[in-house]
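Residue numbers (this note's numbering): 3 to 132.
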């Protein structure tokens, strides 16, 4: 649907910019690259890098949900925002928990796409409307 205001144009610009690396098969490669870079950067620096990635991915999913209403985005967007917030708190406190936040990232991905599968089976569409 065409953007109706400046905020929707901003959402469209962000999703258009981020989609090539955060959507589809390339997202798996990019997630692996960020995970590896996080491991190689050291515990605390890696946690900061992961935090930026989680929050950027959460913003992408929430923007995509606002515009396209894909069912998994409501789960992944809010879930990855929480993972990013937890990661940020860990980084600010100097308590790296790199493995735990990446496990949470994967769990949220599985839950989000599982939710979309269940929604599609029940409603016949992957578009989330109550």
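Here a beta-carbon is modelled for each residue, glycine too, at the ideal position from N, C-alpha and C.
Chain-order list of residues whose beta-carbon lies under 7 Å from that of residue i (same chain, five-residue window excluded)
| i | result |
| --- | --- |
| residue 13 | 65, 68 and 69 |
| residue 78 | 63, 110, 111 and 114 |
| residue 107 | 56, 82 and 85 |
Beta bridge counterpart(s) of residue i as assigned by DSSP
| i | result |
| --- | --- |
| residue 72 | 129 |
Close Cβ partners of residue i (< 6 Å) along its chain, the five nearest in sequence each way excluded
| i | result |
| --- | --- |
| residue 24 | 59 and 62 |
| residue 20 | 62 |
| residue 46 | 98 |
Burial state of residue i, where buried means 16 or more other Cβ atoms lie within 10 Å
| i | result |
| --- | --- |
| residue 127 | exposed |
| residue 76 | buried |
| residue 140 | Past the boundaries of the shown model lies residue 140; the chain is included only from 3 to 132, so the question cannot be answered. |
| residue 129 | exposed |
Cβ separation of residue i and residue j, assumed to be a contact under 8 Å, to the nearest whole Å
| i | j | result |
| --- | --- | --- |
| residue 31 | residue 74 | That pair is no contact at about 19 Å. |
Own chain residues within Cβ distance below 8 Å of residue i, not counting five before or after
| i | result |
| --- | --- |
| residue 6 | none |
| residue 100 | 40, 41, 45, 48, 49 and 52 |
With a threshold of 8 Å, are at least 3 pairs of Cβ atoms found where one atom belongs to the stretch 116-123 and the other to the stretch 89-103? no
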